[in-house]
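Just add 11 to wherever you are in the sequence shown, counting from 1, and you've got this note's numbering. Note sheet for the following structure.
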Amino acid sequence: MKFFLDTASLDEITEAVSWGAVAGVTTNPTLYAKIGGKLQDFEQHIKKICSLVPGPVSAEVDAADAQSMIAQGRALAALADNVAVKVPMTLSGLAATRALANEGIEVNMTLVFSVPQAIMAARAGARFVSPFVGRFDDIAEDGIEQLANIVAALHNYDFRDVGPKGQSIEVIAASIRNPNHVTQAALLGADIATVPFGVLKKCAEHPLTTNGLAAFAADWEKVKQA
Ligand code: E4P
């Protein structure tokens, strides 16, 4: 499984890329607003992210109708070779995805919560589909079970004939809130997990690693004093 970083922060991206863990980035307007982003700087910001990341950078359209989504998608895709246009799962979003995929532009279809939605996204030519895990947990339902169903259903078929460049669709486990979500996503075969910086950091930690380091340091002290 690959990790994408779910952020708009250049500092977080730079640090996580240095760990070798980041294969892409996903952003959304909430994350951009969190770092004080202004609409007029959005395109330059995406360009900076694209230059830091060795893989796809999902940048979201904010239009609701298909024609505006297509126009925004084209403009975003023109910013850098590694932009994937993030489009919401609506009928307009499906039409925009089909049109953008026909032009060879990669789309990440977001806000996906069911198997039929994921299959519709794949048929429209989405390069990535993003089932949300944590949003199910928010309403006391099992997001991991939904993700498992989507991964299993998509793996039954080969969508290379409908993808933008003859590539099959990849599943991005999104709305990941903790390392247990990462564990479950990897066990059920999600291609990618997009995770916030704090969660990615926690993925490198374990209490026994911390204890082991303390014991190692104490042993070295004994050796030095012997
Ligand atoms: C990524 O593409 C999604 O926008 C993100 O993972 C959503 O996470 P949230 O449910 O924590 O807002």
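A virtual CB, placed ideally from N, CA and C, is assigned to each residue, including glycine.
Check                                                                                          : Outcome
Phenylalanine 53 beta carbon near the ligand E4P (any heavy atom closer than 7 Å)              : no
Distance, valine 36 Cα to phenylalanine 208 Cα                                                 : 11 Å
Proximity winner among Val33, Gly31, Thr18, relative to isoleucine 46 (alpha-carbon distances) : Thr18
Helix, strand or coil at valine 140 [DSSP, three-state]                                        : strand
Whole-angstrom distance between aspartate 76 and glycine 200, CA atom to CA atom               : 33 Å
Threonine 38, enclosing alpha helix (DSSP H) - first and last residue                          : No alpha helix (DSSP H) holds threonine 38; DSSP gives it neither H nor E.
Status (buried if at least 16 other CB within 10 Å, exposed otherwise) for glutamate 54        : exposed
Glutamate 156 burial status per 10 Å Cβ neighbour count (16 or more: buried)                   : exposed
Contact test: isoleucine 37 Cβ vs the ligand E4P heavy atom, cutoff 7 Å                        : Strictly speaking, residue 37 in this sequence is threonine, with isoleucine absent from that position. The answer is yes for threonine 37.
Bounding residues of the alpha helix (DSSP H) (the contiguous stretch that carries serine 79)  : 77 to 88
Euclidean distance between Cα positions of alanine 185 and glutamine 178                       : 21 Å
Threonine 18: CB within 7 Å of a non-hydrogen atom of the ligand E4P                           : no
Check: alanine 185 C-beta below 7 Å from any heavy atom of the ligand E4P                      : yes
For threonine 220 and serine 248, the rounded distance between their alpha carbons             : The structure shown does not extend to residue 248, since the chain is modelled only from 12 to 237, so the question has no answer here.
Alanine 132 versus Phe124, Asp172, Met120, residue with shortest Cα-Cα distance                : Met120
Reference tryptophan 30, options Val94, Arg188, Val64, closest by Cα                           : Val64
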